[in-house]
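Have a look at the structure below, then the notes.
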Amino acid sequence: MKILFVITNIDGLHEVPYSFGLSSIAAYAESKGHESKTVGIVTNEDWDDFRMEVHSFAPQVVGFTSVSSQFNAVCKAAEMVKSINENIVTVCGGVHITLNPGAIMATNRIDYMFMGESEVAFGDFIDALEKGNDIHQINNLIYRGGDAYKNNALNPLITNLDELPFPKKDHFFKRFIVQNGHAPFFFSRGCPFSCSYCSNKSLAKVYGLKANTPRYRSVENALQEIKEARKQHDFQKIWFLDDTFGLDKTWRDEFCEEYKREIGLPFICLLRVNIVNEKFIRELKGAGCYRIQFGIESGNEYIRNEVMKRNISTEQITRAFDLCRKYGLETASLNLIGLPGETEEMIWDTIKINRRIKPTSSYANIFFPYRGTPLGDWCFENNWVDEKRFKMPTKERRETVLNFPEDHMQKLQYFQEKWEVLVDPYNVMKRGKNMLRKYPSVFNRAKKVYRMFKN
Ligand code: B12
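With this note's numbering, letter number 386 in the sequence shown gets 638, and the count goes up by one each step, no holes.
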């Protein structure tokens, strides 16, 4: 079968549309002998390219992935596919579908959807389609039936991730490296914490689990993936995008030891402040880590722990950043503003804590309510969401979709755009960078030149 995979990234925060999930589905389909190609829709011109690709590649199946803010774009793309050839089977998976299986009722241009981890289910689906067998009994499948939808039982979560082929490393992997200066890897699935705005707790619930405890590729398999990628692509740095890197101590000890010996490239990873200690930081530094990204989210205890359910103390935040400084590690602090109930003063608490911990870089995103998460659902149920703005193509995380008064919305915009300068007002470099951001094409070119000299 010929399958065209599609990732939309309209007004995305990250320029390169990359998806580990979709790359994994593509690799699995190819391991079963099917042919696949992946395209991205990011700019206006991409719509025309997409139309041409549907004509020239002539797929039997088009498979979309979707986060919540991209679902409208996915529906539009599916409409385009069906207008070219009504017989092409359109399907969609991804976190938005897993947490909102009813999304299938929003459009009749997507024939089937997949809920949850779907490599095996999608493999069964295309095999069945090819053989002309009935597909309606396939696990994870969501389909319409009259006025309602049906979602089949889920395959159990894959416990041994080594059984899966490595996610496909195509031109998107390459573009990610060029754009970000780092090759992206992802070795675990799941994060056990219960932050109210994040999908992990809800993803666990879908599987009847209390927590989304991470499952790992074995260290040997993970290193093998990096080695194979290095044979095809040129990269000098790595970005481990796992929700929380190396949460499992046994895995982490072994990984750091072997990575240092067999790979040795400098890397970035994401961590939570409450799980780091001196040994952990020393171990990461020894393995080649040069930067850690931490979700601080809010400097205000009420917002951080009552609203966001982070369960993190101010002391844990300052201690983690002090430790990184002690070991010469760069830090990035990731913050979230624009939560329901948050005042301007509370946002200043976040700026103040950032001033205290002195991260190498600090970023602020504006809260976006994801349906299916505790805080997202709460916002919808309590009329906090401006449905009109929510349905428009959004600049997710850079514009609020909550029903705030106009002046608060503008303040959020101001804080978001000026964040680095507010956190570090006397830093001339950051002021310059902030000014350049107003001209994205110049900014991106400058970023590339800077990276060329830095490497
Ligand atoms: C790594 C990561 C990134 C990376 C890589 C993106 C990626 N999707 O791989 C980067 C940094 C680029 C990124 C970007 C963004 N991210 Co992100 N990201 C994650 C993270 C931490 C892991 C995702 C992952 O790889 N999971 C493992 C894979 C295997 O699972 P999966 O993607 O769900 O895929 C499986 C199934 O969903 C299904 N499936 C998926 N696609 C398809 C397609 C078909 C055809 C089929 C059949 C099945 C199928 O099968 C897959 C394999 O089992 C998650 C948190 C999480 N734990 O999910 C957030 C998460 C997905 N991100 C999120 C968001 C919001 C974004 C951005 C919108 C941010 C922004 N404003 O720009 C962009 C979206 C980019 C885009 N256009 O899709 C949210 C989405 C919430 C929501 N309900 O929409 C999450 C859930 C975090 C959260 N806050 O809860 N992200």
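Don't be surprised by glycine CBs; every beta carbon is placed ideally from N, CA and C. Just so you know, these numbers come straight off a predicted model, no measurement behind them.
- Query: Does any C-beta atom of chain D lie closer than 8 angstroms to the C-beta of Q484?
  - Reply: You won't find chain D in this structure, because it holds only one protein chain.
- May I ask you to report which of helix, strand or coil DSSP gives L588? Taking the sequence shown and counting its residues from 1, one reaches residue 588 at position 336. Correct three-state label for L588: strand.
- Option nearest A708 by Cα separation, candidates E506, S320, V319, V343: This structure leaves residue 708 out entirely; the chain is present only between 253 and 707.
- Query: Where I363 and M687 are concerned, what is the direct C-alpha to C-alpha distance, given to the nearest angstrom?
  - Reply: Taking the sequence shown and counting its residues from 1, one reaches residue 363 at position 111. Taking the sequence shown and counting its residues from 1, one reaches residue 687 at position 435. The sequence given here places Asp at residue 363; Ile does not occur at that position. Distance between the alpha carbons of D363 and M687 is about 46 angstroms.
- Query: Quick one: is F620 buried, meaning 16 or more other Cβ sit within 10 Å of its Cβ, or exposed?
  - Reply: Locating residue 620 in the sequence shown gives position 368, where the first residue counts as 1. So F620 ends up on the buried side.
- Message: Beta-carbon within less than 6 angstroms of S550's beta-carbon, same chain only, minus the 5 sequence neighbours each way: which residues are those?
- Response: Mapped onto the sequence shown, residue 550 falls at position 298. Correct list, in chain order: R556, T602.
- Item | Rounded straight-line distance, which links the Cα of R650 to that of M661 | To locate residue 661, count along the sequence shown from 1; it is residue 409. To locate residue 650, count along the sequence shown from 1; it is residue 398. Cα atoms of M661 and R650: separation of roughly 11 angstroms, rounded to the nearest angstrom.
- Count the other CB atoms within 10 Å of the CB of F377; is the residue buried (16 or more) or exposed (fewer)? Indexing the sequence shown from 1 puts residue 377 at position 125. Buried, since its Cβ has 16 or more Cβ neighbours within 10 Å.
- Task: Please check the pair P626 and S451, which I expect to be a contact at CB under 8 angstroms, by giving their CB distance rounded to whole angstroms.
- Result: Within the sequence shown, numbered from 1, the residue matching residue 626 stands at position 374. Within the sequence shown, numbered from 1, the residue matching residue 451 stands at position 199. Rounded to the nearest angstrom, the Cβ distance from P626 to S451 is 10 angstroms, too far for a contact under 8 angstroms.
- Message: Taking 7 angstroms as the cut-off, is the C-beta of F316 nearer than that to any heavy atom in the ligand B12?
- Response: On the sequence shown, residue 316 is found 64 positions in, with the first residue counted as 1. For the ligand B12, at least one heavy atom lies less than 7 angstroms from the Cβ of F316.
- Task: Using the Cα positions of V525 and I569, report the straight-line distance between them to the nearest angstrom.
- Result: If you number the sequence shown from 1, residue 525 lands on position 273. If you number the sequence shown from 1, residue 569 lands on position 317. Using only the alpha carbons, I get a separation of about 6 angstroms.
- Message: DSSP three-state label for Y270, please.
- Response: Locating residue 270 in the sequence shown gives position 18, counting from the first residue. In this structure, Y270 counts as coil in the three-state DSSP scheme.
- Pick out whichever of S276, F445, T295 has its Cα sitting closest to the Cα of S288. If you number the sequence shown from 1, residue 288 lands on position 36. S276 is the residue among S276, F445, T295 whose C-alpha sits nearest the C-alpha of S288.
- Task: State yes or no: is the C-beta of S440 within less than 8 angstroms of the C-beta of D505?
- Result: As a working mapping, residue 440 is identified with position 188 in the sequence shown. As a working mapping, residue 505 is identified with position 253 in the sequence shown. In this structure, S440 sits away from D505, with a CB-CB distance that is not shorter than 8 angstroms.
- Query: Can L688 be considered in contact with the ligand GTP, in the sense that its beta carbon sits closer than 7 angstroms to one or more heavy atoms?
  - Reply: Of the ligands one can find in the structure shown, namely the ligand B12, none is the ligand GTP.
- Item | Integer-rounded CB distance, given that F656 should sit under 8 angstroms from A616 | By 1-based counting over the sequence shown, the position of residue 616 is 364. By 1-based counting over the sequence shown, the position of residue 656 is 404. In fact, because the Cβ distance is near 16 angstroms, the residues do not count as touching under 8 angstroms.
- Look at the Cβ atom of F257, then the Cβ atom of A278, and state whether they are nearer than 8 angstroms. For this step, residue 257 is matched to residue 5 along the sequence shown. For this step, residue 278 is matched to residue 26 along the sequence shown. It is a contact, given that the beta carbons lie within the stated cut-off.
- Which residues in the same chain as L588 place their Cβ atom closer than 6 angstroms to its Cβ, once the five residues preceding and following it in sequence are excluded? Within the sequence shown, numbered from 1, the residue matching residue 588 stands at position 336. For L588, where only same-chain residues beyond five positions count, the Cβ hits under 6 angstroms are E549, N617, F619.
- Distance, Cα to Cα, K640 vs C541? Counting from one through the sequence shown, the residue named residue 640 turns up at place 388. Counting from one through the sequence shown, the residue named residue 541 turns up at place 289. Between K640 and C541, the C-alpha separation is close to 43 angstroms.
- A435 versus G398: straight-line alpha-carbon distance, rounded: For this step, residue 435 is matched to residue 183 along the sequence shown. For this step, residue 398 is matched to residue 146 along the sequence shown. Cα to Cα, A435 sits roughly 45 angstroms from G398.
- Message: According to DSSP, V343 sits in a beta bridge with which residue or residues?
- Response: Taking the sequence shown and counting its residues from 1, the one referred to as residue 343 is at position 91. Under the DSSP definition of a beta bridge, V343 partners with G315, Y364.
- Would you report the Cα separation of A373 and A380, rounded to the nearest angstrom? Position 121 of the sequence shown holds residue 373. Position 128 of the sequence shown holds residue 380. Straight across, the Cα-Cα distance linking A373 with A380 is about 10 angstroms.
- Query: Over what stretch of residues does the alpha helix (DSSP H) that includes I336 continue unbroken?
  - Reply: Here residue 336 is taken as the residue at index 84 of the sequence shown, counted from 1. For I336, the enclosing alpha helix (DSSP H) stretches over residues 323-336.
- Task: Assign V680 to buried or exposed, taking buried as 16 or more other Cβ atoms, counted over all protein chains shown, within 10 Å of its Cβ.
- Result: Residue 680 sits at position 428 when you count from the first residue of the sequence shown. Label assigned to V680: exposed.
- Taking buried to mean at least 16 other C-beta atoms within 10 Å of its own C-beta, is R608 buried or exposed? Position 356 of the sequence shown, counted from the first residue, corresponds to residue 608. With fewer than 16 neighbouring CB atoms inside 10 Å of its own CB, R608 falls in the exposed class.
- From this set, R534, R482, L274, which residue's C-alpha is nearest I515's C-alpha? Looking up residue 515 in the sequence shown gives position 263. With distances taken between Cα atoms, I515 lies closest to R482.
- Message: Just to confirm before moving on: does the CB-CB distance between K383 and P311 stay below 8 angstroms?
- Response: Counted from its first residue, the sequence shown places residue 383 at position 131. Counted from its first residue, the sequence shown places residue 311 at position 59. Against a cut-off of 8 angstroms, the Cβ pair of P311 and K383 comes out as no contact.
- Query: Would you say L523 and R467 are within 8 angstroms of each other, going by their C-beta atoms?
  - Reply: Position 271 of the sequence shown, counting from 1, holds the residue named residue 523. Position 215 of the sequence shown, counting from 1, holds the residue named residue 467. Result no, Cβ atoms of L523 and R467 do not sit closer than 8 angstroms.
- Option in M367, K284, I293 with minimal Cα separation from L454: Counted from its first residue, the sequence shown places residue 454 at position 202. First, the amino acid is wrong: residue 454 is Ser here, not Leu. The candidate whose alpha carbon is nearest that of S454 is M367.
- Can you check DSSP and say which residues form a bridge with V258? Reading the sequence shown from its first residue, position 6 is the one you call residue 258. The partner list for V258 (beta bridge, DSSP) reads V291, F316.
- Query: Taking the Cβ atom as the reference point for each residue, do L517 and I490 lie within a distance shorter than 8 angstroms?
  - Reply: For the purposes of this step, residue 517 is taken as residue 265 along the sequence shown, with counting starting at 1. For the purposes of this step, residue 490 is taken as residue 238 along the sequence shown, with counting starting at 1. Against a cut-off of 8 angstroms, the Cβ pair of I490 and L517 comes out as a contact.
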